[in-house]
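Novice: The structure under discussion is supplied below as structure tokens; questions concerning it will follow.
Chains as they are written, first to last, in the working numbering: chain Y, 1 to 102; chain D, 103 to 625; chain C, 626 to 1109; chain G, 1110 to 1738.
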């Protein structure tokens, strides 16, 4: 573990984050968007773990657990909302949810 | 304390009138009338008792100070000198006329109308009285909102646009002034360690030239827009022509004067160097205003708009005189403030009387009214003549003194300003020509002035004549203030040691102030 | 955890306990009235607990929390605001036939989240507070689920908030990776000891600004604001405009000054650009807006821009100004959204400009309050907004941020236009025939009405005599020494 | 007795005030009595004070009523100063004024606005008296503008015809142009001397300014500007003919006898300053000379009886200016007085004719009135003779002869000025008798319906007598040598030195002047009374003559010139800018803000991914700023 430099880990996290970012921007299906955001969050969690490893502290792992919990809560609320939205719009296309503008 | 009472009476009267408006429609009018009249009586009393109260500090007749926001050195600080006194007299006099003229004109939401009217008057009185810059800004804004309502609710057909324009122009410039006030506050604080908004302490602040120029620019912005000076005048014709008669009277007669008052009270004594550097430009603006306003007035067909542009023209004289920095010009300016208030107020009242009868302000639809309304014609004639500066009427004294004074400061600009008198003749006579002269054939006979209307108009005529023939009481009242505002200009060598004293005795600049005030010995 | 820790955290514990109690109550019996009263009591309890610790010098609950003057002040502000929102909510939700009880639980939780934000001194507590607040808000925004706009607003807020949280978290991770600590003060120490700034660190800060900026709703992270404001129920909108943003502002001040952000011109430049852009975008977007809630959203964008002026001024006067402005802005926003709440009917919120036509003649008192609120937003004297703006300008002038100050002035002028436009609509002649809407029994409006009256009086009182508030802020901030 | 001085202007003012306030409710007789009576009492007081003045011969009387105002040492008073010069003017104003008031009572008898007329007339007399009695220039300016106002009101008396209103406005505005120059002159005077008291200025000016100093010349020219405007001299003469729109008594009083000579008074009053400014003196003389020629020529071509008289007035005032310009101060004033008599007389006669012919003013519609209106004919003839300066018997001869003589022989005079004056005299004789012949001789064209009553006739007779007798108080020194008038004025106005080389031959020039006048009358007789010969006819009908006549008829095209030079550009400018170009700048700003709003609104598309893009862009920008060195 020690022979992997921190930068490499962070780079991986960064790549993951960017992938999530790009995915959230190009997806129109709300569920996929939600998943992509989760990827970004997890990338952040990874970065925390890498950082904690560098300093040999448990704090990073703690943060990761927090992130997981939060992501779970978020997804649950999110899915509920998406259900409701699908009920109303009969579609999961995020661009259809544009009744408010201007 | 009497000063605070003036404000309290007006504000409380306003609230009362609003409440009373829920009961019936006549009560608010009487409440407003009584409140304003009470204030007028108090001010007149102060004026008459003036010599008796010379034991007050310097030329300050009266003062009232109580801490307001001590953390910032803000106090509720009112003070009365000759200039303020004159302005208050004008305020309440025109206020009464405004109430009287609304007696029949306003028939909706009477209570709220008088609330706004009284609060405008309160704001204006506050501006004329306050000697704390924060409070000054406070009142400066307070007078705008009720005015906005007056225009926006009871105005003519295009009222919303006019009200916006009025509000935004004055607010924008006012905020710049607020910046300058803050700048002044901190500059003074840094150099003396005393953080205060007290006028008397700030007035002696010295600063680097460029700082002075910038700070003055902020103050000028507010006052020049309010005055108004071309090219910042464009709110005025709309606001004046769209406001109800009472609103127009107050706008033209009083609100514009707050700009002039600000120049006299703040710009002149606070920034002597910057003001002198700016003077030629200011005077140029004045001259441009005089001529430009006159040309525009000449082409208008809306009577109120026409009169509004004459205000632009007349206010050009004010800035011309203010930046001439001599007693003649300043006295002229003060006279101009008063007489313009009366004469233009009267013209707006006449426009209101006509609108009442004809329901139009378009002078192309008027003509030949002399036959049916000779009394109105005579009164109109008096004020048209006042507006073109006929000697024997107050405006002449004002304009002549201003021009004599400004001649000593700048010859060429004065020449052009004097040409403005010719242009004034052109547009003023146009009023007579189009409304009262000409063929009567295709007009219905109008009713001549009623008793109420005569009660409004005759005092104005008497006053304008009195000011034209014996203005000395007014000039005497204003004299001490004028000499004080000019302190930094008349004897610059004396000003230097005073400055030095200020730095050593910064905490007690009041005493220096007193010394300054006493240099003048009344005859 | 020591006894003292518990004592100092008591306000938060009361909130948390209250939320649980509410939850249990729902399980036993659904009664709107009892829930409502209980929530109010919880707020009062929390406020009492807060009163108990008002005279502290900075107390640290290691490692997550710190309770100093700034924290106490903001806790009080948030609790009072939340209380006001609660008071306004009853009549609003009573006339809607949904299950209204859970609303109060969520409201308490969201308040709790904001409170945690305000007192946090560590990334973990920062994150926790933020997420508790956010997740509660997702549900609150979409609470009236039969309204389609509600769902749209909720999903938008959810995805975007999670999206920006990811930025924030990634930024935190980078900062942590470089500095090795997640405490604000620790980061500050690291920064002051290190000579050269690491690229990763700067990236981290930059990403954190994205997350913070989103929550504040400043340009260019502002785009959610109008949609969410419009879609959310009016009381929730009031909550978002006040508590959620206020908590973040408090955190930003703490983080920035403890981490020593004022030392870095780049950071200041970023915030300056954000401030100016927010002012202009907010005001210009609001210019011709016909929807009151959207209009207020844009207005809040520009107000955050104004607020950043004092934030950038940075010294004690600046923090005082920010705090004062927050109070003024909270009162005003609550009042404005309160009016929207009162005027809303069963089917939709009163958010169209035409709903307000002739209001001054139909409902003079409500209209007068609304006018006062709008004038306060515009910064006209006699209102708290004026003193607040004056404070901001004073802070700006004092630090000689001339560019920002002049921009503030210009924007105040642009802003005037749309505020007085609304006022003008209110005093226009009412439409000839207007169906009087079906209203609830007047008693229901009693609390809302009296809340509004109190807010209006407070607005004018602070506008005329700001002494007490200024002294309070001044005194509390003695324990929080801002660094610049 | 001199304590009553203030009453002289005060009485007409009081009359005016009463008439304004209550005139509409008073019976006509009372109005007339009040109107004429107040002026009459003023005249009486003038007589009393005048007698005292003549017997005691003080330099002047001064009476300060109150201090007008007192600012920074500037203390003009409402104060009256009576010396010989003002006495002459006061006398003319009150007496001629009184006669014209009496006449008006008859002339205006059928008018609806009887009271308004008398109110204005009284106001005028009061202002005019203020003007001539003022002890400082500011008070003088008050009177100066006051008479302008009354002139405006009275020209536009018949307001229902818009043309009259426009004529009145024109008069006011054009004189105001001159007044502006005068006002600037006052500024300079005040700046130099610290006072506007006339006597103080006159006594200090020679010490302050050397002869020919720039300031003196400047001031003199500025004052001249005022004088030119008021007196209808070149280049500001165009208002006076139009001013004839007013009732005829008004023309007689204001636009012939008194107000228009205010310019003469002003120059005479400030003679010291003019003496210090030789260039200005020359200008006064030249203006006078040119004006008298131009106006005389124009008078030749007019058909409107009153317009002829109006141009004649301009021309005669030209003589006065000429006199003042060559330094013949008392000659100028003398001519003023005589002119006041005969021109008032002529106007009143014209008025009698006009009213007799139902407001017909065109001479071509008149004729043969000699028999129908004998009194009018004789008095008119006397006036005309005086105007034409028929030798020996008329007052006009004595006053005009003096001017001619000094124009040549005075130290500032020269041949050209003399020639102009001489030609002018010739033309005067022609147009005067053209008027007489066309109006009173030939066949009657309009029926006389309204013969004048006693109220109108008596003033005519008195004025006719004055027009003859008036001349005998000042006779040439080679002919009885009577100098009552110039002696009177001696303390106020400096005498004139005569070039001794020409002095010998004065009688020759007198003869020449007399001859010219007679020849002029004869020519008029040839052209306008007797049947024209073919030769004369061909001259009159030649195209050159027609063109000249047309040119002269239009007043030498001045109206057109000013119209294109000043009025049209001003009106054009005003009209194109009616909506205020500056306003559009602000509207432009507002429009700009609106369009930005439109653009920005597009960004709020409601599409979530777009919002995310915004966040990403923001993140990129922030990272760029923070990572760039």
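Cβ coordinates follow ideal geometry from the N, Cα and C atoms, glycine included.
Are any of the Cβ atoms in chain Y nearer than 7 Å to that of residue 1685 of chain G?
Specialist: Position 576 of the fourth chain, counted from the first residue, corresponds to residue 1685 of chain G. For residue 1685 of chain G, the answer is no, since every Cβ of chain Y falls outside 7 Å of its Cβ.
Novice: Rounded C-beta distance between residue 297 of chain D and residue 268 of chain D? I'm assuming under 8 Å.
Specialist: Here residue 297 of chain D is taken as the residue at index 195 of the second chain, counted from 1. Here residue 268 of chain D is taken as the residue at index 166 of the second chain, counted from 1. So it is not a contact: roughly 34 Å between Cβ atoms.
Novice: Are residue 208 of chain D and residue 215 of chain D touching if we call contact CB-CB under 7 Å?
Specialist: By one-based count along the second chain, residue 208 of chain D stands at place 106. By one-based count along the second chain, residue 215 of chain D stands at place 113. Yes, the Cβ-Cβ distance between residue 208 of chain D and residue 215 of chain D is below 7 Å.
Novice: Answer yes or no: do residue 872 of chain C and residue 743 of chain C have a C-beta to C-beta separation smaller than 7 Å?
Specialist: Here residue 872 of chain C corresponds to residue number 247 of the third chain, with the count starting at 1. Here residue 743 of chain C corresponds to residue number 118 of the third chain, with the count starting at 1. In this structure, residue 743 of chain C lies closer than 7 Å to residue 872 of chain C by Cβ.
Novice: Is residue 833 of chain C close to chain Y? Criterion is C-beta to C-beta, closer than 7 Å.
Specialist: Reading the third chain from its first residue, position 208 is the one you call residue 833 of chain C. No, residue 833 of chain C does not count as interfacial toward chain Y.
Novice: Using the Cβ count rule (16 or more neighbours within 10 Å means buried), how would you classify residue 637 of chain C?
Specialist: Within the third chain, the letter at position 12 stands for residue 637 of chain C. So residue 637 of chain C counts as buried.
Novice: With DSSP as the reference, please indicate the residues paired to residue 808 of chain C in a beta bridge.
Specialist: Here residue 808 of chain C corresponds to residue number 183 of the third chain, with the count starting at 1. DSSP lists C:747 as partners of residue 808 of chain C.
Novice: Roughly how many whole angstroms lie between the Cα atoms of residue 602 of chain D and residue 1024 of chain C?
Specialist: Here residue 602 of chain D is taken as the residue at index 500 of the second chain, counted from 1. Here residue 1024 of chain C is taken as the residue at index 399 of the third chain, counted from 1. Residue placement at residue 602 of chain D cannot be trusted, given a pLDDT of 38 that sits under 50; the coordinates are not used to answer.
Novice: Please list, in chain order, the residues of the segment 1163-1183 of chain G that have any C-beta partner in chain D closer than 8 Å.
Specialist: Answer set for the segment 1163-1183 of chain G: 1175, 1176, 1177, 1178, 1179, 1180, 1181 and 1183.
Novice: With a CB to CB cut of under 6 Å and the five nearest residues on each side skipped, what residues in its chain are close to residue 479 of chain D?
Specialist: Stepping through the second chain from its first residue, residue 479 of chain D is reached at position 377. Contacts found: 472 and 538.
Novice: For residue 896 of chain C, tell me which candidate among C:833, C:883 and C:950 has the shortest Cα-Cα distance.
Specialist: For the purposes of this step, residue 896 of chain C is taken as the residue at position 271 of the third chain. If we check each option's Cα against that of residue 896 of chain C, C:833 comes out closest.
Novice: Is residue 996 of chain C near the ligand MG, judged by its Cβ being under 6 Å from some heavy atom?
Specialist: Among the components modelled here there is no ligand, and therefore nothing to report on the ligand MG.
Novice: Could you run through the segment 1717-1733 of chain G and flag, in chain order, every residue whose CB is less than 8 Å away from some CB of chain Y?
Specialist: Flagged, chain order: 1717, 1718, 1721, 1722 and 1725.
Novice: Nearest CA to the CA of residue 360 of chain D: which residue from D:272, D:336, D:133 and D:386?
Specialist: Your numbering for residue 360 of chain D matches position 258 in the second chain. Residue D:272 is the option with its Cα nearest to residue 360 of chain D.
Novice: What residue range is occupied by the uninterrupted beta strand (DSSP E) comprising residue 1174 of chain G?
Specialist: Indexing the fourth chain from 1 puts residue 1174 of chain G at position 65. 1170-1176 is the span of the beta strand (DSSP E), which, as asked, contains residue 1174 of chain G.
Novice: Can you list, in chain order, the residues of its chain whose CB lies under 7 Å from that of residue 808 of chain C, leaving out five sequence neighbours each side?
Specialist: Walking along the third chain from the start, residue 808 of chain C turns up at place 183. These residues qualify, in order along the chain: 688, 746 and 747.
Novice: Chain G beta carbons: is any one of them nearer than 7 Å to that of residue 895 of chain C?
Specialist: If you number the third chain from 1, residue 895 of chain C lands on position 270. Taking Cβ atoms only, chain G reaches closer than 7 Å to residue 895 of chain C, which makes this a yes.
Novice: Could you check the C-alpha separation between residue 570 of chain D and residue 1653 of chain G for me, to the nearest Å?
Specialist: Locating residue 570 of chain D in the second chain gives position 468, counting from the first residue. Locating residue 1653 of chain G in the fourth chain gives position 544, counting from the first residue. So the two alpha carbons sit approximately 56 Å from each other.
Novice: If you reduce the DSSP assignment to three classes, tell me which class residue 552 of chain D lands in.
Specialist: Locating residue 552 of chain D in the second chain gives position 450, counting from the first residue. Three-state DSSP puts residue 552 of chain D in coil, outside helix and strand.
Novice: In angstroms with no decimal places, state the Cα-to-Cα distance between residue 604 of chain C and residue 720 of chain C.
Specialist: What the structure shows of chain C is the stretch from 626 to 1109, and residue 604 of chain C is not part of that stretch, so it cannot be assessed.
Novice: Got a sec: which bits of the segment 234-258 of chain D sit with their beta carbon under 9 Å from any beta carbon on chain C, in order along the chain?
Specialist: Listed by position along the chain: 236, 239, 240, 241, 242, 243, 244, 246, 247, 250, 251, 254 and 255.
Novice: Would DSSP call residue 629 of chain C helix, strand or coil?
Specialist: Position 4 of the third chain, counted from the first residue, corresponds to residue 629 of chain C. Three-state DSSP puts residue 629 of chain C in a helix.
Novice: Quick one, which of C:919, C:944 and C:840 has its alpha-carbon nearest residue 882 of chain C's?
Specialist: Numbered from its first residue, the third chain carries residue 882 of chain C at position 257. Closest by alpha carbon: C:944.
Novice: Among D:309, D:446, D:315 and D:279, which has the Cα closest to the Cα of residue 410 of chain D?
Specialist: Residue mapping note: residue 410 of chain D aligns to position 308 of the second chain, counting from 1. Of the candidates D:309, D:446, D:315 and D:279, the one whose C-alpha sits nearest the C-alpha of residue 410 of chain D is D:446.
Novice: Quick one: what does DSSP say residue 476 of chain D is sitting in, helix, strand or coil?
Specialist: Locating residue 476 of chain D in the second chain gives position 374, where the first residue counts as 1. Looking at residue 476 of chain D - three-state DSSP - the assignment turns out to be helix.
Novice: Select from G:1407, G:1439 and G:1459 the residue whose C-alpha is nearest the C-alpha of residue 1212 of chain G.
Specialist: On the fourth chain, position 103 is the one that residue 1212 of chain G refers to. Checking every option, the nearest Cα to that of residue 1212 of chain G belongs to G:1459.
Novice: Give me the Cα-Cα distance between residue 880 of chain C and residue 680 of chain C, rounded to the nearest whole angstrom.
Specialist: Here residue 880 of chain C refers to the residue found at position 255 of the third chain. Here residue 680 of chain C refers to the residue found at position 55 of the third chain. Looking at the two C-alpha atoms, the distance is approximately 23 Å.
Novice: Measure the alpha-carbon distance for residue 243 of chain D versus residue 1006 of chain C and round it to whole angstroms.
Specialist: By 1-based counting over the second chain, the position of residue 243 of chain D is 141. By 1-based counting over the third chain, the position of residue 1006 of chain C is 381. Whole-angstrom Cα-Cα distance: 6 Å.
Novice: Using a Cβ-Cβ cut-off of 6 Å (strictly less than) and excluding sequence neighbours within five positions of residue 547 of chain D, which residues of its own chain qualify?
Specialist: Walking along the second chain from the start, residue 547 of chain D turns up at place 445. Here the set comprises 474.
Novice: Whether or not the segment 1623-1639 of chain G and the segment 1500-1515 of chain G are in contact is what I'm after, with contact meaning three or more pairs of Cβ atoms, one per stretch, closer than 8 Å; do they touch?
Specialist: Touching, yes, given that three or more Cβ pairs across the two stretches are closer than 8 Å.
Novice: Which parts of the segment 354-396 of chain D are runs of the alpha helix (DSSP H), unbroken and 4 residues or longer, counting only runs that do not cross its ends?
Specialist: Those alpha helix (DSSP H) runs which fall completely within the segment 354-396 of chain D and span 4+ residues are 358-364.
Novice: Less than 7 Å between C-beta atoms, sequence neighbours within five positions excluded: which residues of the same chain meet that for residue 1193 of chain G?
Specialist: What you label residue 1193 of chain G is simply residue 84 of the fourth chain in a count that begins at 1. So the list reads 1597, 1598, 1600 and 1601, once near-sequence residues are dropped.
Novice: With C-beta atoms as the reference, is residue 384 of chain D less than 7 Å away from residue 314 of chain D?
Specialist: Walking along the second chain from the start, residue 384 of chain D turns up at place 282. Walking along the second chain from the start, residue 314 of chain D turns up at place 212. The answer is no: Cβ separation not under 7 Å.
Novice: On the three-pair Cβ rule with 8 Å, is the segment 1071-1087 of chain C touching the segment 990-1007 of chain C?
Specialist: Flag = yes, the segment 1071-1087 of chain C and the segment 990-1007 of chain C touch.
Novice: Could you tell me the alpha carbon to alpha carbon distance between residue 252 of chain D and residue 481 of chain D, rounded to whole angstroms?
Specialist: Your numbering for residue 252 of chain D matches position 150 in the second chain. Your numbering for residue 481 of chain D matches position 379 in the second chain. Rounded to the nearest angstrom, the two C-alpha atoms are 27 Å apart.
Novice: Buried or exposed for residue 132 of chain D, going by 16 or more other Cβ atoms inside 10 Å?
Specialist: Position 30 of the second chain holds residue 132 of chain D. Under this definition residue 132 of chain D is an exposed residue.
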